[in-house]
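The structure appears below as structure tokens.
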Amino acid sequence: MQRFSRAVLSTRKSAADDATLLGDRKKSDAPSADDLAADIDQVELELVQVLRENGVSEICKTIKSEINTIWAVQTGFKTLASVGHFYFSCGEQVFTVTPSDGFYDSDGIVLALFALRQFPHHPALLCPVLDAISIYAKLDVERALAFCAVDDGTQLIMNCVRNHSDKPEVICMALDALGSLILNDDLRTHIATAALVEELQALLHRYKSSLNLARAFLYPLSNLVVLRELGQHFVEHNGIPTVLHALQMHKDDAQTTWYALALLNALATDSYHTSIMATVHESRGVRMIARAIAKHVDVEEITLEGFQLLECIAIVPDCFRVINQNHVLDLAYRAVALYKGPQYAHTRLELAQRITTFQKCAIQDGHVYAMHEGVTHGDSVLYTVFLLFVALYAALSPYGHETNTAPLVQLLRLPPLMTSVPQLYTYLSGAPFQSTLFPTTWYNGEPLDNPRLVVGSLYLLGAVQVRQVRATSNGSTAEFVMTSQAPFGNWSSAAASQSAAMAVHGYDIPAGGYLTTLPLDPQLAPGCATAVCALQQWVQVGWLDASTRAVVVEWNLYNVAMDAAVAFQLVFVFDAANGAIYSSVTAQSVLFNPYQGLFLVSGLFYLELALVGFTLHALYTVVAKVRRYRQYYFYIPSHVFDLVLVVLWLAMWGSRLRFLALTTYSLSVQLAGSSFVSLQEVAAVAKQERVLFGCISLLMWLNWVRYLALKKLRYLLCVLDASMAAIASYGVYASIVVLGLAHFRYTSTSSPSLWASIAEVLKNLVYQDSSAVLSARDPHPLWTDVLYLVIVNCFTVPWALMALAPHLRAGYATSAREPEKAVEPPKRSLAKSKRSFKRTMTAFTKDLKVMLEQRQLTIRKHAFAPWEQSDASWNERAAPLEQHVRPLTAPEMLTKLRRLVDAVIADTAVMDASTGGLVSRLEHAHHVLRSHFGLPDKPRIHTNPVMLSQLKSPPESYVYRRRSSGKDTREASA
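According to the working numbering, the sequence shown is numbered sequentially starting from 137.
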């Protein structure tokens, strides 16, 4: 079809009724790409012609004459809408006459409403009509009041929504027209009713999953709820949760976010409404608003609307915690840092006013005030040095590879399970035990003179003690009275014994028992001088019988090369049910002098002093934080972590003091004697110190990441914090699974106790040690053991990882912070500014200043301050710059400066030449004019400027001249 405006222009002078419309274009005339481009240019030219000649009124008259023709009305309103949009976008920069004047003068709004009444079921016609109403209502908001000329105009627009619920484009056009109309305050008051708000709210709740429809419904609602009664009605019908839900679903769309924030801002005048926004959706309303602002922080309108809304919420005292939990203050700081430059001065001022309110929220909430404690660079450096000293202390620890007791344990070749007492006697009398503990020859076959030399530089201290724990008929241990018929040895009670209670393979072995020794010296045991002889006597007298519950063999070795003692302990536990004997061996090293000489010349001693100083500093910091934050201290995980570290450090130094108290000179004298002295307590204290130090090292390395302040890690911690309840529930469920596996193991095998089964299940889960289970049983394991290994090693750990992943994803969804993303600064202008010499020099000055500051810092590192130089250096003459810096080696900045100065000189020379020519021409014209009018020619007077440096005496100040005048006056009077 030919352009409708061409027909209008051709018949504008004659009459609107005689306008002839051309027929449609044939299908065979398919337009090409060039034809389409030409048509677009032609359309723009026609729109310009319509605007210049005020053809909008003529188009309205033509529509009025063809009001019964659908295609004519459709094409006419399409043209009107195109004209309006063209003028709205760029036409006002060219034309002085607005098309809205012709539209309203020709009753275009009435024609549009009549078209809606005449053709209510034609979507192709309704869209351009509604589009025309919308754009012309925006072009002239005041004259949009002509909409009131039709009584049921609002119903006509809403009928478009009701009759075409399956046409999203019609609904969007109708709501856009309604929203543009109610921009007029008087019109809003005229058409706004509670029924209209309720209907729009119900439709929003129905269509909120669609982005376009949700945006369309939010547009008129954001203008209607400005009225107090309608806003109250909107809140009563659960409108705030609906808007927040729509905001959460479509927070990536800038326009939808703007409409939603504007609607909530209109409702924020009432504190009751703001409290609803903060507590709705399980107190996640502020989180939704903050996320929407963070998504579009570079959009100025959204940023101002959003922070104004958050400020209204932050005024309510009950909402302090919600504002602080969602890090609104951090988001405001980020927005202020983003809007820089003089063009954003008012925006930055508005945001700064909002920040004051958010700071009050943080100050009045002690918990959040403690959470916002920042780690300074000094704290990071101090903690890094502390961690470095811990690493050095671990590297210089005397308990290293040389004090490893694993090779000594392997020499004993102790079987984990024995089936009978004769097998135990066979092991104690056999080669692995006797040849290791009581060797008779050297490694080269020569006889050994000293029976106390064991292996290499190892020396046997004291005697080898054997302790037997027996039980009565009722199964409990008791004190037996020694008689000649039962030579079990000397009885020692638990209080008088050097031994301690222990648990081996699920059996509790008490302290004390019957004590005896294996002989070493023929002079001390002339009747039976060897350990083999003593064992044979035990066999003859039945030293081990059915009442024996445990046998403990203990001895001490001394490493001459390392100046260290090793406490060995062999434990044999007798199972009364099946007659099996479970065995275990432990060996622990003890260093009486860890400094390897005088402690004053040992670096390890001073390193320990430094660690003690750092511990006291950490203790002081913890005490200061406890006094500062008081009851909120234990709610902060980082503070509790620091407290745990300090407690562990104090426990470690306490273990060190106890170790020094136990390893006195009297203990060394007792070890040098022939009797047995137990080192188990000393070894346990030394091991406790090493375990505590290992835990401290692990926790300090884990805590070091917090001082590095990684943003991604901080976000991950927020995710884990949000999903803590889900992780805790998973831990409970995992413990139930472990308890079920342990119960299965306890009921299907001959395990000592249920707690022992639980411990073994946890051990296998942690270490994945399948060989331990197989080796602890007979060579042919039961099918239950094989099934247990398959379940634990193949299914439990992967299932745990897969079960934990959904909880982490749920925590990501409920996290209070968005991950950091690169935000582009607000765009200032689409048009690029012209390059000028002033901007070039300003940029160059900044670059030169930065370069000079960097060079000055570099020079300052290798130079003395003026007050640090000697007096002789002031008398030295400075070397000229040309001797050190040549033009070819000058920095790039200075070279650029030289080029710019040369360019300035050349431009100045050109300007002077042109100015001189102009002056000479003016002088010539001056001479011609004076000669023409008969005036005498006056020569030009040249005035040379006098510089301040060329004056004989510098100018004097007012005070100086006043004193001089007073002095001259006094001299004259005298």
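Every residue gets a Cβ at the ideal spot worked out from N, C-alpha and C, and that includes glycine.
Just so we're clear, the structure is a prediction, and the values are computed from it rather than from any experiment.
> How far does the beta strand (DSSP E) with E582 in it reach, from first residue to last?
Replying inline: For E582, there is no enclosing beta strand (DSSP E), since its DSSP letter is neither H nor E.
> What is the C-beta distance between L252 and L262, in whole angstroms, given that I count them as a contact (C-beta under 8 Å)?
Replying inline: Taking C-beta atoms under 8 Å as the contact rule, L252 and L262 qualify, at a distance of about 7 Å.
> How about M788 and L828: do their beta carbons lie closer than 8 Å?
Replying inline: Annotated as proximal: M788 and L828, with beta-carbon spacing under 8 Å.
> Counting along the chain, where does the beta strand (DSSP E) carrying W679 start and finish?
Replying inline: No beta strand (DSSP E) holds W679; DSSP gives it neither H nor E.
> Are the segment 455–464 and the segment 411–429 in contact at 8 Å, needing three or more beta carbon pairs?
Replying inline: When C-beta atoms of the segment 455–464 are compared with those of the segment 411–429, three or more pairs fall below 8 Å, so the two segments count as touching.
> If you drop the 5 nearest sequence neighbours on each side, which residues of the same chain put their C-beta closer than 7 Å to that of L671?
Replying inline: Within the same chain, Y561, L564 and S565 come within 7 Å of L671 by CB-CB distance, once the 5 residues on both sides are set aside.
>> Using a Cβ distance threshold of 8 Å, determine whether the segment 713–723 contacts the segment 487–502, with at least three qualifying pairs required.
In response: When C-beta atoms of the segment 713–723 are compared with those of the segment 487–502, fewer than three pairs fall below 8 Å, so the two segments do not count as touching.
> At a cut of 8 Å, does the segment 789–809 reach the segment 820–837 through at least three beta carbon pairs?
Replying inline: Flag = yes, the segment 789–809 and the segment 820–837 touch.
> Excluding five sequence neighbours on each side, which residues of the same chain lie with their C-beta closer than 6 Å to the C-beta of L727?
Replying inline: Within the same chain, Cβ atoms closer than 6 Å to the Cβ of L727 are found at P534 and A700, the five residues on either side in sequence being excluded.
> Does the distance from the C-beta atom of M424 to that of L383 stay below 8 Å?
Replying inline: A contact, by the Cβ cut-off of 8 Å.
> S201 by DSSP, collapsed to three states: which one?
Replying inline: Of the three classes helix, strand and coil, the one that applies to S201 here is helix, per DSSP.
> Looking only at its own chain, which residues have a Cβ that is under 6 Å from the Cβ of T751, when we skip the five neighbours before and after it?
Replying inline: Only W785 meet the Cβ criterion.
> Can the beta-carbon of L532 be found less than 8 Å from the beta-carbon of L734?
Replying inline: Not a contact, by the Cβ cut-off of 8 Å.
>> Let me check understanding here. Comparing Cα to Cα, which of R342, D454, A285 and A667 lies closest to V297?
In response: It is R342.
> Under the rule that 16 or more other beta-carbon atoms within 10 Å means buried, what is L736, buried or exposed?
Replying inline: Per the 10 Å Cβ criterion, exposed.
>> By the three-class DSSP mapping on this structure, what secondary structure does M698 have?
In response: The answer is coil: DSSP assigns M698 none of H, G, I, E or B.
>> Check for me: the alpha helix (DSSP H) holding I717 runs from which residue to which?
In response: Taken as a continuous stretch (DSSP letters only), I717 belongs to no alpha helix (DSSP H), being part of the beta strand (DSSP E) at I717 to L727.
>> Quick check on A426: buried or exposed, where buried means 16 or more other Cβ atoms within 10 Å of its Cβ?
In response: By the neighbour-count rule (16 or more Cβ atoms within 10 Å), A426 is buried.
>> Let me confirm a value: N729 is counted as buried when at least 16 other C-beta atoms fall within 10 Å, else exposed. Which label applies?
In response: Counting Cβ neighbours within 10 Å, N729 comes out exposed, since fewer than 16 surround it.
> Quick one, which of E436, V452 and S683 has its alpha-carbon nearest V422's?
Replying inline: Per the Cα distances, V452.
> Distance, Cα to Cα, A622 vs V526?
Replying inline: For A622, the pLDDT reaches just 43, beneath the cut-off of 50, and the residue's location in the model is therefore unreliable, although a value from the coordinates is still provided. Cα to Cα, the separation comes out at about 56 Å.
> Going straight from the alpha carbon of D454 to that of N462, what length do you get?
Replying inline: Here the alpha carbons of N462 and D454 stand approximately 15 Å from one another.
> What is the rounded straight-line gap between the Cα of I863 and the Cα of A703?
Replying inline: Answer to the nearest angstrom: the Cα atoms are 43 Å apart.
>> For N320, count the other beta carbons within 10 Å of its own beta carbon; 16 or more makes it buried, fewer makes it exposed. Which is it?
In response: N320 should be labelled buried.
> Any idea if N374 is buried or exposed, counting beta-carbon neighbours within 10 angstroms, 16 or more meaning buried?
Replying inline: Counting Cβ neighbours within 10 Å, N374 comes out exposed, since fewer than 16 surround it.
> Beta carbon of G598, beta carbon of S811: below 8 Å?
Replying inline: Result yes, Cβ atoms of G598 and S811 sit closer than 8 Å.
> Cβ of H432 within 8 Å of Cβ of A390?
Replying inline: Yes, Cβ-Cβ distance for H432 and A390 is below 8 Å.
> Where do the ends of the alpha helix (DSSP H) carrying V602 lie?
Replying inline: Per DSSP, V602 lies in no alpha helix (DSSP H) segment; the continuous beta strand (DSSP E) that holds it begins and ends at L594 to R606.
>> According to DSSP, simplified to helix, strand and coil, what is A647?
In response: Reduced to three states, the DSSP call for A647 is coil.
>> For W679, tell me which candidate among L745, A746, V640 and V602 has the shortest Cα-Cα distance.
In response: Residue V602 is the option with its Cα nearest to W679.
> A808: which of Y272, R588 and A637 sits nearest, CA to CA?
Replying inline: Proximity to A808 across Y272, R588 and A637 peaks at R588, based on C-alpha coordinates.
> What three-state label does DSSP hand Q705 in the structure shown?
Replying inline: In the structure shown, Q705 falls within a strand segment according to DSSP collapsed to helix, strand and coil.
>> Here's a check: name, in chain order, each residue in its chain whose Cβ is nearer than 8 Å to the Cβ of I203, leaving out the five neighbours to either side.
In response: A distance below 8 Å between beta-carbons, with the five flanking residues on each side excluded, links I203 to the following residues of its chain, in chain order: V209, L247, F250, A251 and Q254.
> Cβ atoms of T234 and G212: under 8 Å apart, would you say?
Replying inline: Not a contact, by the Cβ cut-off of 8 Å.
> Between the Cα of Y650 and the Cα atoms of V605, W674 and T329, which residue gives the shortest distance?
Replying inline: When each option's Cα is compared against that of Y650, the closest is V605.
> Is it buried or exposed for T555, if we count other Cβ within 10 angstroms and need 16 for buried?
Replying inline: T555 is exposed by the Cβ-count criterion.
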